[in-house]
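As C-alpha cells, the structure follows; a few thoughts come after it.
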Amino acid sequence: MIATRTAIRGSTASARATAHFLKCNGTHIGLRPTFVIAQHVQTPASQRPFTSSNSPRIKEFFEKKETEKVRKTPAAWAHPLYTEEQMNAVTVAHREAQTMSDKVALIAVKFMRWGLDVATGYRHERAIDLNEKDPEAARKKFAMTEEKYMIRNVFLESIAGVPGMVAGMLRHLHSMRRMKRDNGWIESLLEESYNERMHLLVFLKMQQPGLFMRFMVLAAQGVWCNALFFAYLVSPRTVHRLVGYLEEEAVITYTRQIKDLDEGRLPKWQNLQAPDIAVDYWKMPEGHRTMRDLLLYIRADESKHREVNHTFGNLDQKEDPNPFVSEYKDPEKPHPSKDLAFPKPTGWERHEII
Ligand SMILES: [Fe+2]
Ligand SMILES: [Fe+2]
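Sequence positions in the sequence shown follow UniProt numbering and run 1 to 354.
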C-alpha cells in the first residue's frame, strides 16, 4: 500500500509513482502474473479516476517513455464515442451459414475455437454441466480466474489483429496493381487491426504473458498470417465471413467475463481501474473507468467488427463502396456507421445499403 501525499499531476506522473512504488518495495516484475494493490490519495478529481478511494490499481508492465521534446503521441485513429446505453445493448448473436463459403468459414472458426479452448483451459459448457451436479468440483476443475481470462484475452487479441492488416494490405496492393479505386475498404480494415492491437496493449498493461504464451502467439501468428494471406487471395468473401464468426465468439467471451465479474467470481477485477492507455483511447468518462467498463468497451468493439465483417462478406468485393465510411442519400434512414448508432449484429444485407 502506498499513500501519495503530494499532488500528482496527470496520468504519466501517476504511472511513474506506481513504478517507483514497485521499485521501492522490491516487487518482482517477472513472467508470472501479479496484481498489485496500491492506494493513492489524489489531487484534482477532474484529472484521473483514482482519488482517495481504496480502488485497487493495476501494475503497469510497460511505461510510457518520456522524451525531451515530445509531449504526447495520440492514437492514429480516434475511437468513436459509445454511450453506456449502446454498450449495454450489445448482445450475443449468430448469423446462419447460408452458402457453401459461409459453412466453410463457420467450420474453420469452430475448429479454431476448440484449439483456443484447449490452449487456455476454457470449458464453459462442461463447467456448467458439472456445476449442476457438483458445484464445488466444477469450481475446482473449470473455474475461470482473472489470470486465465487474461491469458485467453491476450491470445485472442494477438490473433484478432491480423486479418484486418492482411486484408487491408492485399486490397492496397490490388488497388495499385489494377490502378483502380479501393472504395474505402482499406481504411476500415486497417482501423480494425489497430483497434485489436489496442485491445492487446491494454491487456498487456495488466498481465505479462509467460514464455510459453509468447511462443504460442509467435507460432500462431506465423501460421495464421500466412493462411489468411492465401485465403484472402482465393476468397475474400469467405475470410470476411470467417472473421465475422470469430467476432461472434469474441462477443460471447467478453459477455461471459462481464457476467462472471457481476456474479462475484472475479474478485480481483471487482474494483480494478482501467489503465491510462485505455482511458485515453476510449475517452472513458470519469466514474466509468473500471475493469467492467473496459470489458464493455472492448465487447462493443468486437460487436462492431462482427457487423463490419459480416457486411463485407455480403458485398461485391470489387465494386461496392465501404458502407461504413459512406455518406447516404437519406441520412435519416438507419445505415452502417463507425459508431453504435445503428447496430446490426448479423451484418447488413447488400440490398439494404448499396
Ligand atoms: Fe479485440
Ligand atoms: Fe474483434
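All C-beta atoms, glycine included, are put in the ideal place defined by N, C-alpha and C.
Item, Value
"Helix, strand or coil at residue 18 [DSSP, three-state]", "Reliability fails at residue 18, whose pLDDT of 38 lies under 50, so the model's placement of it is uncertain and the value that follows must be treated cautiously. Note: residue 18 maps to helix in three-state DSSP."
"Cβ-Cβ distance between residue 305 and residue 192 below 7 Å", "yes"
"Element boundaries [alpha helix (DSSP H), containing residue 140]", "135 to 142"
"Helix, strand or coil at residue 221 according to DSSP, with G and I counted as helix", "helix"
"Given residue 227 as reference, the closest of 167, 317, 201 once Cα atoms are compared", "167"
"Start-end ranges of the beta strand (DSSP E) lying completely within the segment 137 to 179, minimum 3 residues", "none"
"Residue 248 to residue 254 span [Cα, whole Å]", "10 Å"
"Which residues DSSP lists as bridging residue 99, in chain order", "Residue 99 is not bridged to any residue."
"Ligand 1 heavy atom lying under 6 Å from the CB of residue 199", "yes"
"Close beta carbons around residue 209, own chain, < 6 Å, minus the five adjacent residues each side", "154"
"Euclidean distance between Cα positions of residue 97 and residue 252", "18 Å"
"Member of 183, 129, 329, 83 whose CA lies at the smallest distance from the CA of residue 316", "183"
"Check: residue 286 C-beta below 6 Å from any heavy atom of ligand 4", "No copy of ligand 4 occurs in the structure displayed; its ligands are ligand 1 and ligand 2 alone."
"Distance, residue 179 Cα to residue 225 Cα", "26 Å"
"For residue 342, the nearest candidate out of 324, 158, 111 (CA to CA)", "324"
"Exposure label - residue 284; buried when at least 16 CB within 10 Å", "buried"
"Chain-order list of residues whose beta-carbon lies under 6 Å from that of residue 266 (same chain, five-residue window excluded)", "146, 260"
"Outcome for residue 298 when other beta-carbon atoms lying within 10 angstroms are tallied against a minimum of 16", "buried"
"Close beta carbons around residue 292, own chain, < 6 Å, minus the five adjacent residues each side", "261"
"From 187, 246, 175, 214, residue whose alpha carbon lies closest to that of residue 302", "246"
"CA nearest to the CA of residue 112, picked from 243, 279, 326, 294", "243"
"For residue 297, the first and last residue of its enclosing alpha helix (DSSP H)", "291 to 312"
"heavy atom of ligand 1 below 6 Å from residue 160 C-beta", "yes"
"Inter-stretch contact (C-beta, 8 Å, three-pair minimum) for the segment 80 to 98 and the segment 342 to 354", "yes"
"Coarse secondary structure for residue 257, derived from DSSP in three states", "helix"
"Residues bridged to residue 317 [DSSP beta-bridge criterion]", "Note: residue 317 sits in no beta bridge, so no partner."
"Residue 43 - DSSP class collapsed to helix/strand/coil", "Reliability fails at residue 43, whose pLDDT of 35 lies under 50, so the model's placement of it is uncertain and the value that follows must be treated cautiously. It is coil, neither helix nor strand."
"Nearest neighbour of residue 173, chosen from 347, 289, 186 [CA to CA]", "186"
"Residue 341 (DSSP reduced to helix, strand or coil)", "coil"
"C-beta contact flag for residue 142 and residue 240 at 7 Å", "no"
"Residue 310: CB within 6 Å of a non-hydrogen atom of ligand 2", "no"
"Residue 94 Cβ short of 6 Å to ligand 2 heavy atom set", "no"
"Endpoints, alpha helix (DSSP H) assigned at residue 193", "185 to 206"
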